[in-house]
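Participant: Got a structure here, written out as structure tokens. Questions coming.
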Amino acid sequence: MYIEYASNKVENQCNNLSEAKKLFGGNTPLAVSLLTRINAINAAENMKDIIVQPAFHFHKLTNKGNKKLEGYFAIDVKARKDAWRIILQPLDENKNPFVPCNIDEISDRVKYIEITEVSNHYE
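Written as structure tokens, this is what we have:
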């Protein structure tokens, strides 16, 4: 799969151990887990390879207040007990979001994703 990043900041956090450690307040195991997840996404053939990994806990996001999250999904950075998630959006071959985004129908065709942020689920 191919990863696009919403910003240079997000790209650095996902690909640089020292930047990831800063994001997680010096928590090295979380930083290493983030880089491991990014490597797994890069190694996947398509989105379905990510969805079927139980440890990733791939799940659909829902709109919250004024945050429009339709078509966005999340995976755990490390585990369910940790609040950190990688927020991503599937993209078509032209790097545009799927509208509508019926992940069950498109997962085996999705080869591009955009990581929009790595965030603390409860903040």
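Numbering of the sequence shown is given in the working numbering, commencing with residue 3 and proceeding in unit increments. Where a beta carbon is used, it is the ideal one built from N, C-alpha and C, also for glycine.
1. Need the endpoints of the alpha helix (DSSP H) that residue 118 sits in, please.
2. Using the beta-carbon count (16 or more within 10 Å), is residue 110 buried or exposed?
3. For my contact list, residue 114 and residue 3 are in at a C-beta cut-off of 8 Å; report their separation, rounded to the angstrom.
4. For the alpha helix (DSSP H) holding residue 92, just list the boundary residues, first then last.
5. Does residue 35 pass the burial test, meaning 16 or more other C-beta atoms within 10 Å, or should it be called exposed?
6. According to DSSP, is residue 81 helix, strand or coil?
Facilitator: Walking through what the data contain:
1. Where residue 118 is concerned, there is no enclosing alpha helix (DSSP H), although the beta strand (DSSP E) it sits in stretches over 114-122.
2. exposed
3. 7 Å
4. From DSSP, residue 92 is part of no alpha helix (DSSP H) but of the beta strand (DSSP E) over 86-93.
5. buried
6. coil
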